[in-house]
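Chains as they are written, first to last, in full-length UniProt numbering: chain A, 1 to 378; chain B, 1 to 378.
Note that the Cβ used here is the ideal one computed from N, Cα and C, for glycine as well.
Protein chains: 2
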Amino acid sequence: MKGEFLTRIPPVPRPSLAPIAATLPETVPFVGPEAIARRSGVPLRARIGANESPFGPAPSVLAAMTSAARESWHYGDPENHDLREAIAAHLDISAANVMPGEGVDAILGMAVRLFAAPGSTIVTSLGGYPTFNYHIAGYGAQMHTVPYIGDREDIDALARAARETQAAMVYLANPDNPMGSWWDAASIERFIAAVPDTTMIVLDEAYGEFAPAGTIPAFDAGCSNLLRMRTFSKAYGLAGARVGYVLGDAANISAFNRIRNHFGISNVAQAAAIAALADGAHLESSLAAVRASLEDTAAIASRHGLTPLPTATNFLAIDCGRDGAYAQAILDGLAQRGVFVRKPVVAGLNRCIRVSAGTAADRALFDQALGEVLAELG
Amino acid sequence: MKGEFLTRIPPVPRPSLAPIAATLPETVPFVGPEAIARRSGVPLRARIGANESPFGPAPSVLAAMTSAARESWHYGDPENHDLREAIAAHLDISAANVMPGEGVDAILGMAVRLFAAPGSTIVTSLGGYPTFNYHIAGYGAQMHTVPYIGDREDIDALARAARETQAAMVYLANPDNPMGSWWDAASIERFIAAVPDTTMIVLDEAYGEFAPAGTIPAFDAGCSNLLRMRTFSKAYGLAGARVGYVLGDAANISAFNRIRNHFGISNVAQAAAIAALADGAHLESSLAAVRASLEDTAAIASRHGLTPLPTATNFLAIDCGRDGAYAQAILDGLAQRGVFVRKPVVAGLNRCIRVSAGTAADRALFDQALGEVLAELG
């Protein structure tokens, strides 16, 4: 064997990764539909898997973005002053309780970095938002999970786990992703009261605009262990622009100034978000379009013998009626036909696929592809 | 005294900041000109303080941004595939050696998080890039500084300090900000060779496009302790779009997948950067405009009895000939006239003000304001 005679070259010394980074996998929390298409060779025909909005942004927002693009030669305002004021005015709260950021994903990472020491415990639901889990691992905290109950996040068990583990943080999405389920505002307030004062609650309200009245609690500027996440990615149709914000008590909001990426929100995104807040008519029409789209999607699912679950979001969890492998086979069959959909992965929830509100063309493709896939699977 | 009779209310318990975050000040590494104008009430007339480019982006880039804005309803490609390939093709290297990110500021933060454990030492120049220092503190590392020598970063002393402190990282900007000075490629290669293999070198080449031939070393995919930062903010005129990239060996580049904000670069920014790389003619014309602008700015400074320093960037350090207080008074006088300029703060360097390449209108305002301020100061 040639190998015997090769000289062993000692490895060249190189910089080490920091201890936490060294433990982390290289990962993408969500593989994008572009990557799926590149790898499978199947062109993307219906993009209804990432809870985006094909009904936005508004023409008024596009005009603001086009105008702001011409200002791209200079940095945006690192204080995001005008955007911050616009959000505060929209919600009728103080700007001191608002911090914009370059998308909720980035804000979630900053929140973990601020409030969870390495080794501390963070409570979340088993099957909850993967990007939050990515940040838990990324900053060296320990994840403690609580199962869903009846396709909802189990708020009593989450609060209990926060107490029992003396958690640094606890995460709850209301309405929930990936199941589309929700709790009413009174239940959320009961949850907040049941969590220890020393545990920071991350209440992710990314889908709040889609929820029925009575779902979103009133803002309480005096609650010192609550951060509420909001985004322009969903109802405002600006997923690709990267802008969201966090609401909280003034001291917690101000703490983001210790670590945030001050120039992180582009000029175009700042202008887009301000214009989006000003165009209430477009928001209303988008919400109506989402409702109509999901009603039609539910009808399609029912016609094919599947069971749509109730939803307070811009997507529909559809119970495929058998196990996770069966739902995965449906997902794979849809993907082979260029219909991009996602699904929960955790046992119990994984009997479902998750379909975002799409256009009439998206739904027609979904209808046809679903019929073909179900016929194939028998 | 009334105070005697007030009941002491015990503080309500609240979540603690993580230990590193608790040590950090609330800060903005650079107060933006918008904030300066809001606080002073003086409208911004000449924006020549942040090394932006009034000559960009190209019309072709604006067209790409306008088109991409319409795609803002969906998330951008989290792998930034097309942009990554475009950068690699532009540089004639492998995409495995390239990682785009949402601006160099964000990439610098990720680099520190990846390669510097809390408590480890990072070497940089006293008076070097403040945002890098912000990340050093932000991730709990210790900053070790080395003074400039002859208005340049002292590459021999930086390498020596990296050896003596067994530094996790060492930072060097070439060309340098804020002085505009530079080393030739051979000196940089000597510096790289003198730094220990276990110290990660951050070579910030944000101003590389402006430098004379022979300044930027050839890319070496085998160098395992070097990360090179590049940006679309300066020569490409896209500061407000938030997009930069890092070059390095494949393992180091891939490590960014452990912690990066995968959806961080907006659709508009990805499209803008791709279009910018394709428009070489605009880049050339911008570089020529910057050169002409700085020649004129240097002449203005000289006419007023100040000394422009040599520059390999899109800005000019101007030696005001006295101490830091005098240069600060000039800066303040310019600010009172709506002329936004910055200056180094460290002793020795702080005799200078730093003026970015501006338009003819910017320069006329600078000329007039400078004359008034110098007359006032006597």
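Along the chain, where does the beta strand (DSSP E) that runs through residue i open and close?
i	result
residue 351 of chain A	Taken as a continuous stretch (DSSP letters only), residue 351 of chain A belongs to no beta strand (DSSP E), as it is neither H nor E.
residue 100 of chain B	98 to 101
residue 231 of chain B	226 to 231
residue 202 of chain A	200 to 204
residue 317 of chain A	315 to 319
residue 143 of chain B	142 to 146
residue 91 of chain A	Looking at the DSSP string, residue 91 of chain A is not in any beta strand (DSSP E); the run it does join, the alpha helix (DSSP H), is 81 to 91.
The alpha helix (DSSP H) spanning residue i covers which residue range?
i	result
residue 121 of chain B	Looking at the DSSP string, residue 121 of chain B is not in any alpha helix (DSSP H); the run it does join, the beta strand (DSSP E), is 121 to 125.
residue 368 of chain A	360 to 377
residue 112 of chain B	104 to 115
residue 134 of chain A	130 to 138
Report the residue from the options whose alpha carbon sits nearest the alpha carbon of residue i.
i	options	result
residue 177 of chain A	A:320, A:310 and A:377	A:310
residue 331 of chain B	B:293, B:361, B:173 and B:371	B:371
residue 97 of chain B	B:251, B:52, B:377 and B:359	B:251
residue 395 of chain A	A:158, A:138 and A:152	Residue 395 of chain A lies beyond the stretch modelled for chain A, which goes from 1 to 378, so this question has no answer here.
residue 220 of chain A	A:167, A:93 and A:282	A:93
residue 181 of chain B	B:138, B:354 and B:280	B:354
residue 44 of chain B	B:136, B:334, B:376 and B:348	B:334
residue 266 of chain B	B:22, B:75 and B:41	B:75
residue 257 of chain B	A:21, A:214, A:112 and A:71	A:21
residue 321 of chain B	B:315, B:308 and B:336	B:308
residue 224 of chain A	A:239, A:196 and A:238	A:196
residue 164 of chain B	B:352, B:138 and B:122	B:122
residue 174 of chain B	B:248, B:168 and B:191	B:191
residue 47 of chain A	A:315, A:326, A:323 and A:170	A:315
residue 113 of chain A	B:364, B:284, B:259 and B:350	B:259
residue 111 of chain B	B:364, B:170 and B:73	B:170
residue 31 of chain B	B:131, B:24 and B:88	B:131
residue 217 of chain B	B:285, B:183, B:194 and B:246	B:183
residue 34 of chain B	A:40, A:65 and A:80	A:80
residue 128 of chain B	B:193, B:204 and B:336	B:204
residue 38 of chain B	B:336, B:360 and B:364	B:336
residue 356 of chain A	A:290, A:28 and A:14	A:290
Could you check whether residue j and residue i sit closer than 7 Å to each other, using their CB atoms as the reference points?
i	j	result
residue 49 of chain B	residue 345 of chain B	no
residue 199 of chain B	residue 162 of chain B	yes
residue 18 of chain A	residue 276 of chain B	no
residue 362 of chain A	residue 300 of chain A	no
residue 214 of chain A	residue 185 of chain A	yes
residue 227 of chain A	residue 243 of chain A	no
residue 71 of chain B	residue 280 of chain A	no
residue 42 of chain B	residue 338 of chain B	yes
residue 62 of chain A	residue 273 of chain A	no
residue 12 of chain B	residue 107 of chain B	no
residue 254 of chain A	residue 189 of chain B	no
residue 374 of chain B	residue 304 of chain B	yes
residue 95 of chain A	residue 179 of chain A	no
Quick check: is the beta carbon of residue i nearer than 7 Å to any beta carbon in chain E?
i	result
residue 191 of chain A	The structure shown contains no chain E; its protein chains are A and B.
So residue i and residue j are supposed to be a Cβ contact under 8 Å. How far apart are they, rounded?
i	j	result
residue 206 of chain B	residue 229 of chain B	6 Å
residue 100 of chain B	residue 263 of chain B	Rounded, the Cβ-Cβ distance is 12 Å, inconsistent with contact.
residue 261 of chain A	residue 109 of chain B	7 Å
residue 59 of chain A	residue 236 of chain A	Contact doesn't hold; Cβ gap of about 13 Å is too wide.
residue 424 of chain A	residue 271 of chain A	This structure leaves residue 424 of chain A out entirely; chain A is present only between 1 and 378.
residue 172 of chain B	residue 155 of chain B	7 Å
residue 54 of chain B	residue 358 of chain B	6 Å
residue 140 of chain B	residue 118 of chain B	3 Å
residue 167 of chain B	residue 144 of chain B	7 Å
residue 69 of chain A	residue 65 of chain B	4 Å
residue 294 of chain A	residue 209 of chain A	Wrong, their Cβ atoms sit about 14 Å apart, outside the cutoff.
Residues within the segment 48 to 62 of chain A neighbouring chain B, beta-carbon criterion of under 9 Å:
50, 52, 53, 54, 55, 56, 57, 61 and 62
With 9 Å as the limit, tell me which residues of the segment 281 to 295 of chain B have their beta carbon closer than that to any beta carbon of chain A; keep them in chain order.
none
By the 8 Å beta-carbon criterion, what residues does the segment 331 to 360 of chain B contribute toward chain A?
none
Going along the chain, which residues of the segment 306 to 317 of chain B sit with their C-beta nearer than 8 Å to a C-beta in chain A?
none
Quick one, which residues of the segment 98 to 119 of chain B are near chain A if we go by CB-CB under 9 Å, in chain order?
102, 103, 105, 106, 109, 112, 113, 114, 115, 116, 117 and 118
Mind checking the segment 62 to 77 of chain B against chain A and listing, in chain order, the residues whose C-beta falls within less than 7 Å of any C-beta there?
62, 65, 66, 69, 70, 71, 72, 73, 74, 75, 76 and 77
Please list, in chain order, the residues of the segment 145 to 175 of chain B that have any C-beta partner in chain A closer than 9 Å.
168 and 169
Against chain A, which members of the segment 251 to 269 of chain B pass a CB distance test of less than 7 Å?
254, 255, 257, 258, 259, 261, 262, 263, 264, 266, 267, 268 and 269
Using a Cβ cut-off of 7 Å, which residues of the segment 122 to 142 of chain B contact any Cβ in chain A, in chain order?
138
Please name the residues in the segment 195 to 225 of chain B whose beta-carbon is closer than 7 Å to at least one beta-carbon of chain A, in chain order.
197, 198, 199, 200, 224 and 225
Along the segment 24 to 44 of chain A, where does the CB come closer than 9 Å to a CB of chain B? Name the residues.
24, 25, 26, 27, 28, 29, 30, 31, 32, 33, 34, 35 and 38
Can you list, in chain order, the residues of the segment 79 to 99 of chain A whose Cβ is nearer than 9 Å to any Cβ on chain B?
79, 81 and 82
Mind listing which residues of the segment 230 to 254 of chain A have their C-beta closer than 7 Å to chain B's C-betas, in chain order?
237, 238, 239, 240, 241, 242 and 254
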